[in-house]
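Peer 1: One structure, pasted below without further comment.
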């Protein structure tokens with residue numbers, strides 16, 4: 000696989016293509032590391048993977064027009080709703096083994112737009128996996 | 188029953204570009220949010236089998 004410069008990523012939330020309003024995507028999958036160590040001659044620890052937490056954090060430009068970022072995301076937070084989230088590296092090409100798409104149902108537990116004089120309006124939004132299926136990468 | 192929608196927002200919706208139409212059976216809550224924020228407008232209900240029913244906008 001070649002290296003790439005992230006330029007054409009596809010970000011979709013609640014079926015709305017928010018790619019043009021997003022500038023960074025960070026997937027975070029993490030399993031709790033549960034200590035199941037017993038006494039042993041070497042004194043080493045033993046761990047098992049525990050509960051899994053999955054999230055995707057996106058840097059969005061603040062945009063308040065109809066059908067844009069705020070109009071899409073705030074109702075989801077306000078209503079504590081579950082929505083479909085998708086991200087894939089190359090939005091210009093279909094999903095494939097070399098262009099896997101992250102999909103899952105998500106909830107927003109935080110929502111915090113803001114602004115600073117003279118700076119671009121941007122803020123992070125974290126999509127937390129909302130059901131047992133979690134987030135996963137699909138190749139078809 | 189599928190419904191015909193037109194994408195009226197500034198960006199693609201359901202992988203359909205602004206100004207284009209598509210047919211889908213959207214979740215009612217998702218549809219309501221999309222209509223409310225102006226992502227789409229309803230064009231027509233489409234009967235299973237492809238023929239169009241009465242225009243929804245007439246209701």
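Chains as they are written, first to last, in my numbering: chain P, 0 to 139; chain D, 188 to 246. We treat Cβ as the ideally placed atom computed from N, Cα and C, and that holds for glycine. Predicted model, so just to flag it, every value in this text is computed and none were measured.
Taking the straight line between their C-alpha atoms, what separation do you get for residue 211 of chain D and residue 227 of chain D?
Peer 2: Within the second chain, residue 211 of chain D is the residue found at index 24, counting from 1. Within the second chain, residue 227 of chain D is the residue found at index 40, counting from 1. Each residue's Cα considered, the two are about 12 angstroms apart.
Peer 1: What residue from P:38, P:126, P:76 has the CA that sits closest to residue 102 of chain P's CA?
Peer 2: Here residue 102 of chain P corresponds to residue number 103 of the first chain, with the count starting at 1. The residue with the shortest Cα to Cα distance from residue 102 of chain P is P:126.
Peer 1: Would you be able to state if there are at least three C-beta pairs under 8 angstroms between the region 32-50 of chain P and the region 85-101 of chain P?
Peer 2: At 8 angstroms Cβ cutoff, the stretches do not touch.
Peer 1: Along chain D, which residues have their Cβ under 7 angstroms away from the Cβ of residue 202 of chain P?
Peer 2: The question about residue 202 of chain P has no answer, for chain P in this structure spans 0 to 139.
Peer 1: What is the residue span of the alpha helix (DSSP H) that residue 233 of chain D lies within?
Peer 2: To locate residue 233 of chain D, count along the second chain from 1; it is residue 46. No alpha helix (DSSP H) holds residue 233 of chain D; the beta strand (DSSP E) holding it covers 227-233.
Peer 1: If you measure between the beta carbons of residue 131 of chain P and residue 53 of chain P, is that distance less than 7 angstroms?
Peer 2: Position 132 of the first chain, counted from the first residue, corresponds to residue 131 of chain P. Position 54 of the first chain, counted from the first residue, corresponds to residue 53 of chain P. No, the pair does not count as a contact, with Cβ atoms beyond the cut-off.
Peer 1: Quick check on the burial criterion: 16 or more other C-beta atoms within 10 angstroms. Buried or exposed for residue 202 of chain D?
Peer 2: Indexing the second chain from 1 puts residue 202 of chain D at position 15. That one is exposed.
Peer 1: Measuring straight from C-alpha to C-alpha, what distance separates residue 192 of chain D and residue 230 of chain D?
Peer 2: As a working note, residue 192 of chain D is residue 5 in the second chain. As a working note, residue 230 of chain D is residue 43 in the second chain. The alpha-carbon atoms of residue 192 of chain D and residue 230 of chain D are separated by roughly 5 angstroms.
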